[in-house]
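*Asks:*
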Amino acid sequence: MLKELLTVNLKLLQGFLNMSQQQQNEVAKEHQESHPQHSKAGVPGICRSGNFYYAKASRAHISINSKPATLVEAIDANIALKQIWNIVKKYPDDLEGGLRRAVKERREIDQDTIFFMRFRLDFRWESIRITTPQRSDVESMLRDRRTLLKLAERRASKEEFQKAQQAMKENAQEELVAQRNYASVRQQLVAEVAREVLWRHAADSRSLLSLKNHADEAASDPESSDSDTSSSSSSS
């Protein structure tokens, strides 16, 4: 996902990761809203858990949520999530492809509100009712969806569905444990962010160098410019 971050946000992330744990906690605390007085936010599509608000939007039994810190951010996130589903509507014959495109597009545009999202499927088929574990990667949720659809297509037994659901839970737990391995994940993220920043800097430098070389060539060869001008005049 780092490639989808705007350069300014990527550098902000790099600065945050280079802080000490205490500094990071202080920054996080500044952005955390004081405990709300009411148990619920009276805004459709928004729920509260502790000091945080969840924005949620669902369609085709797929739920997407984002957890900003404040109510205002949650309202913005809710709008962005609804826009994701508006994009998906443009691809009625390709739900998975449309969802991938929509998530990528809105994640790039609404980085302050829904860059981090979680996905879940509420699967219904005959007497089978399965809610897949929440996933931070849309591809993981879509993989769970394909697994369940294939089981339904061959009319699998209830036991097979339960076995598949358990495998999904175990896989999601493994992903969560890996994410919570803070030391190794943080080191990897710091390295990836640094590489991405360096790559973009190098790409910008190459672009500037190319423009400079082109300008130098034009300045050192005025006859070429005159020739181009003459050709344009004669064509007229």
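The sequence shown begins at 9 in my numbering and counts up by one.
No residue lacks a Cβ here, since even glycine has one placed at the ideal position from N, Cα and C.
1) Give me the residue from Ala-210, Arg-108, Ile-138 with the minimum Cα distance to Lys-171.
2) For the alpha helix (DSSP H) holding Asn-86, just list the boundary residues, first then last.
3) DSSP three-state call for Arg-67: helix, strand or coil?
4) Please list, in chain order, all residues of the same chain as Gln-96 whose beta carbon is under 6 Å from its beta carbon, the five residues on each side excluded.
5) Throw me the rounded Cβ distance for the Asn-94 and Gly-53 pair, which I believe falls under 8 Å.
6) Could you check if Ala-175 is buried or exposed, using at least 16 other CB atoms within 10 Å of its CB as the buried criterion?
7) According to DSSP, simplified to helix, strand and coil, what is Phe-169?
8) Kindly indicate the opening and closing residues of the beta strand (DSSP E) around Ser-144.
9) Could you tell me which residues DSSP puts in a beta bridge with Ser-56?
10) Hey, could you find the ends of the alpha helix (DSSP H) Arg-128 is sitting in?
11) Taking only three categories from DSSP, how would you classify Arg-137?
12) What first and last residue would you give for the alpha helix (DSSP H) that runs through Ala-164?
13) Within this structure, are the beta carbons of Leu-129 and His-69 separated by less than 7 Å?
14) Quick one: using the 10 Å Cβ neighbour count with 16 as the cut-off for buried, is Asp-101 buried or exposed?
15) Keeping to the same chain, check which residues put their C-beta closer than 6 Å to that of Ala-82; ignore five residues upstream and five downstream.
16) Give the straight-line distance between the Cα atoms of Ser-66 and Leu-150, rounded to the nearest whole angstrom.
17) With distance defined between alpha-carbon atoms, name the residue in Ser-135, Leu-89, Ile-136, Arg-126 nearest to Asp-118.
18) Quick check: the Cα distance between Arg-163 and Glu-134, rounded to an integer number of angstroms?
19) State the Cα-Cα distance for the pair Pro-44 and Leu-159, rounded to the nearest angstrom.
20) Return the chain-ordered list of same chain residues with a C-beta closer than 6 Å to the C-beta of Ile-72, the five sequence neighbours on each side being excluded.
21) Assuming contact is defined by CB atoms lying nearer than 7 Å, are Arg-114 and Gln-142 in contact in what I supplied?
22) If you count every other CB in all the chains shown that lies within 10 Å of the CB of Asn-57, and 16 or more means buried, which is it?
23) Could you pull the DSSP bridge partners for Ile-72 from this structure?
24) Have a look at Ser-74 and Ala-210 and give me their C-alpha separation to the nearest angstrom.
*Replies:* Walking through what the data contain:
1) On the sequence shown, position 163 is the one that residue 171 refers to. Answer by Cα proximity: Ile-138.
2) Indexing the sequence shown from 1 puts residue 86 at position 78. Counting along the chain, the alpha helix (DSSP H) containing Asn-86 begins and ends at 79-96.
3) Position 59 of the sequence shown, counted from the start, is the residue given in the question as residue 67. If DSSP states are grouped into helix, strand and coil, Arg-67 belongs with the strands.
4) In the sequence shown, residue 96 corresponds to position 88, counting from 1. Note on identity: in this sequence residue 96 is Val, with Gln being the wrong assignment. Cβ neighbours of Val-96 beyond the five flanking positions: Gly-106, Leu-107, Ala-110.
5) Position 86 of the sequence shown holds residue 94. Position 45 of the sequence shown holds residue 53. In fact, because the Cβ distance is near 14 Å, the residues do not count as touching under 8 Å.
6) Mapped onto the sequence shown, residue 175 falls at position 167. With fewer than 16 Cβ atoms within 10 Å of its Cβ, Ala-175 is classed as exposed.
7) Here residue 169 refers to the residue found at position 161 when the sequence shown is read from its first residue. Residue state, collapsed to three classes: helix.
8) For the purposes of this step, residue 144 is taken as residue 136 along the sequence shown, with counting starting at 1. Careful: Ser-144 lies outside any beta strand (DSSP E) and carries neither H nor E.
9) Locating residue 56 in the sequence shown gives position 48, where the first residue counts as 1. Note that residue 56 corresponds to Arg in the displayed sequence, not to Ser. Note: Arg-56 sits in a beta bridge opposite Tyr-61.
10) On the sequence shown, position 120 is the one that residue 128 refers to. Taken as a continuous stretch (DSSP letters only), Arg-128 belongs to no alpha helix (DSSP H), being part of the beta strand (DSSP E) at 126-133.
11) As a position in the sequence shown, residue 137 is number 129, starting the count at 1. Strand at Arg-137.
12) One-based indexing of the sequence shown puts residue 164 at position 156. Taken as a continuous stretch (DSSP letters only), Ala-164 belongs to no alpha helix (DSSP H), as it is neither H nor E.
13) As a position in the sequence shown, residue 129 is number 121, starting the count at 1. As a position in the sequence shown, residue 69 is number 61, starting the count at 1. For Leu-129 and His-69, yes; Cβs fall inside 7 Å.
14) Position 93 of the sequence shown, counted from the first residue, corresponds to residue 101. The residue in question, Asp-101, is exposed, as its Cβ has fewer than 16 Cβ neighbours within 10 Å.
15) Your numbering for residue 82 matches position 74 in the sequence shown. Within the same chain, Ala-82 has close Cβ partners Ile-54, Tyr-61, Ala-63, Pro-76.
16) Along the sequence shown, one-based indexing puts residue 66 at 58. Along the sequence shown, one-based indexing puts residue 150 at 142. Near 14 Å, if we compare the C-alpha coordinates of Leu-150 and Ser-66.
17) Counted from its first residue, the sequence shown places residue 118 at position 110. Among Ser-135, Leu-89, Ile-136, Arg-126, the Cα nearest to that of Asp-118 is on Leu-89.
18) On the sequence shown, position 155 is the one that residue 163 refers to. On the sequence shown, position 126 is the one that residue 134 refers to. Taking the straight line joining both Cα atoms gives about 10 Å.
19) Locating residue 44 in the sequence shown gives position 36, where the first residue counts as 1. Locating residue 159 in the sequence shown gives position 151, where the first residue counts as 1. In this prediction, Pro-44 scores a pLDDT of 45, lower than 50, which makes its location untrustworthy; the coordinate-derived value is nonetheless stated afterwards. Roughly 44 Å separates the two Cα atoms.
20) Position 64 of the sequence shown, counted from the start, is the residue given in the question as residue 72. Answer for Ile-72: Ala-65, Leu-89, Met-125, Phe-127, listed in chain order.
21) Taking the first residue of the sequence shown as 1, we reach residue 114 at position 106. Taking the first residue of the sequence shown as 1, we reach residue 142 at position 134. Going by C-beta atoms, Arg-114 is not nearer than 7 Å to Gln-142.
22) Along the sequence shown, read from residue 1 onward, the residue named residue 57 stands at position 49. First, the amino acid is wrong: residue 57 is Ser here, not Asn. Its Cβ having fewer than 16 others within 10 Å, Ser-57 is exposed.
23) Along the sequence shown, one-based indexing puts residue 72 at 64. Ile-72 pairs with Ala-65, Phe-127.
24) Here the question's residue 74 lines up with position 66 in the sequence shown. Here the question's residue 210 lines up with position 202 in the sequence shown. Cα to Cα, Ser-74 sits roughly 33 Å from Ala-210.
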